[in-house]
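Structure first, then comments.
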Amino acid sequence: MKPLRVLYVSPHAHLGGAERVTMDLLEQHDRTVVEPSVCFLHDGPLVSRCRDRLGIPTYTVPAPSLRNLLQRRRAVRTIADLVTAGGVDLVHSAMAWGHLYGGAAARKARRPAVWFQHVGASWGSLIEATASFVPARAVIANSAYTARGQRRVNPRRARIEVIHPGTAIPPEPWAARRARGRAVLGLTDDEFAVGIAARLQGWKGQDVVIRAAASLCHARPQARLFVIGDARFGLEAEYAASLPRLAVELGIHERATFTGFREDVPDCLAALDVAIHASTSPEPFGLGLIEAMAAGTALVAADGGAVREIVSPGVDAILTPPGDHEALAAALLMLCDDPAQRRSLAAEGAFTARERFDRVDMTFKVQELYQALVPR
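According to this note's numbering, the sequence shown is numbered sequentially starting from 14.
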């Protein structure tokens, strides 16, 4: 039997959460089951990564704004032509912006569409609401939390399937990854390192982390803070610029490191003693959570959104109220002074990641859905 030909439509070609999931699927597909191609709606480094490193057919079709109706139609027609010319069996769109183009192109080419939704949709978002009117044979929600939001804006009553994203489970021993990461970050054996790895954006809560870390650093001289990530997609550049200034204001700038974007995030996470998730708004899923657990690092997370779908409080993570830097500081101080608790959280988290959030399992579930939607 020939493999299913699937065209992936991705809004961005820079690595964010949704893009990481798309890349994982492209890399992990069994090519005897799925033969992928990809269309990016903006140019960026993932274009060459897909074309040159993965060796899959890769296209870029610039996507105009919603208001430019004529150019939107041209872009949809171009993608539909790619579907027809490539003998594509199914179109997979990431996020609402991707579905506005990929789903519409699938309809024009008379092919089924799948929409992988990574955020909790609501009628308050014009793009989310508009995308919900574009036909989809199925909507994949990254969590039950996202699925509930999608059902509220699902006028066509499309089938909704919850498939949790996965992450790479490191085959290398933890000690080797930790040693490499600590060397890269310049950490000594006796330093206590906490950090957050996320896009620099207000709702991700880096300012909350810095305030909590200030309490930690003033109380424990061996403590250090790492803020891993940068501003992406042109969002909130001023917020990103304000974070080092906040560290100076709080007197911890000499013990706070802002790494910017890094390719070696798994090693950086393994280097930490505690990884922090600090989203101040409900998290639709939270790839950072499973990445920290897969790295074998103790986790403190903000309690909201889909977080309790991922972790068991007190077993593989400590939960604190979103935006509460004092509660976060107390959790960090407690873990600084309790190595046994850190080891327990880290071990349980690594087990959770391995058993429930392996990207290989995610890919298998997505392939099963494709096969159910496109009978051969």
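Heads up, the beta-carbon is just placed ideally off N, CA and C, and yes, glycines get one too.
Here the structure is a predicted model, which is why all the values come from computation and not from measurement.
query, result
"With a threshold of 8 Å, are at least 3 pairs of Cβ atoms found where one atom belongs to the segment 310-321 and the other to the segment 281-294?", "yes"
"Give every residue of the same chain whose Cβ lies closer than 7 Å to the Cβ of Arg245, excluding the five residues on either side of it in the sequence, and list them in chain order.", "His27, Gly29 and Arg212"
"State the start and end residues of the unbroken alpha helix (DSSP H) segment that holds Trp110.", "Met108 to Ala122"
"Among the candidates Pro297, Val221 and Gln163, whose CA atom is the shortest distance from the CA of Glu339?", "Val221"
"Do Tyr252 and Gly215 have their CB atoms nearer than 8 Å?", "yes"
"Looking only at C-alpha atoms, which of Arg120, Pro257, Leu341 and Gly336 sits nearest to Glu296?", "Gly336"
"Can you tell me which of the three DSSP states Val379 falls into?", "helix"
"Among residues of its own chain, excluding the 5 on either side of Ser294, which ones have a beta-carbon nearer than 7 Å to its beta-carbon?", "Trp216"
"By alpha-carbon positions, which one of Pro178, Glu381, Ala353 and Leu282 ends up nearest to Glu368?", "Pro178"
"Would you give the residue range spanned by the beta strand (DSSP E) that Trp128 belongs to?", "Ala126 to Gln130"
"In terms of residues, what are the limits of the beta strand (DSSP E) holding Ser357?", "Careful: Ser357 lies outside any beta strand (DSSP E), inside the alpha helix (DSSP H) at Pro352 to Arg369."
"Rounded to the nearest angstrom, what separates Gly362 and Ala353 at their Cα positions?", "14 Å"
"Could you name the residues that DSSP lists as bridge partners for Leu312?", "Ala288"
"Closest by CA to Leu341, which one among Ser357, Ile182 and Ile223?", "Ile223"
"When the distance is taken between beta carbons, is Ala151 closer than 8 Å to Glu174?", "yes"
"Using a 10 Å radius around the Cβ and a threshold of 16 neighbouring Cβ atoms, would you call Pro279 buried or exposed?", "buried"
"Between Asp268 and Cys230, how many whole angstroms is the CB-CB distance? I'm expecting something under 8 Å.", "As written in the sequence, residue 268 is Arg, which differs from the Asp given in the question. Indeed they touch by this definition, with Cβ atoms about 5 Å apart."
"Note down, in chain order, each residue of its chain lying with its Cβ closer than 6 Å to the Cβ of Leu198, except the 5 sequence neighbours on either side.", "Ala284"
"Per DSSP, what are the beta-bridge partners of Leu23 in this structure?", "Per the sequence presented here, residue 23 reads as Ser, with Leu not at that position. Per DSSP, Phe53."
"Looking at the structure shown, is His231 part of a helix, part of a strand, or coil, going by DSSP?", "helix"
"CA-CA distance, Val22 and Tyr114?", "8 Å"
"How would you call Asp203, buried or exposed, if buried means at least 16 neighbouring beta carbons within 10 angstroms?", "exposed"
"Using only alpha-carbon positions, find the residue among Leu103, Pro49, Gln219 and Ala227 that is nearest to Ile241.", "Gln219"
"Taking DSSP as the reference, what is the three-state secondary structure of Arg195?", "helix"
"What does Phe239 pair with, by DSSP beta-bridge criteria?", "Gly208 and Thr270"
"Which residue from Gly133, Gly208, Ala226 and Ala236 puts its Cα closest to that of Gly301?", "Gly208"
"Check Arg80 in the structure and name its three-state DSSP category.", "coil"
"Quick one: give me the first and last residue of the beta strand (DSSP E) that Arg172 is part of.", "Arg172 to Val175"
"Mapping the DSSP letters down to three states, classify Arg66 as helix, strand or coil.", "helix"
"Report, in whole angstroms, the separation of the C-beta atoms of Asp37 and Thr376, which I expect to be a contact under 8 Å.", "7 Å"
"Excluding the 5 residues preceding and the 5 following Ile153 in the sequence, name in chain order all residues of the same chain whose CB lies nearer than 6 Å to its CB.", "Phe129, Glu174 and Ile176"
"How would you call Met108, buried or exposed, if buried means at least 16 neighbouring beta carbons within 10 angstroms?", "buried"
"Going by the beta-carbon positions, is the gap between Asp329 and Leu348 smaller than 8 Å?", "no"
"Do Leu386 and Pro16 have their C-beta atoms closer together than 8 Å?", "no"
"Given a cut-off of 8 Å on the beta-carbon distance, is the pair Ala196 and Arg237 in contact?", "no"
"Could you give the DSSP three-state label for Cys244: helix, strand or coil?", "One point to set straight first is that residue 244 is Ala, not Cys, in the sequence displayed. Looking at Ala244 - three-state DSSP - the assignment turns out to be coil, as it is neither helix nor strand."
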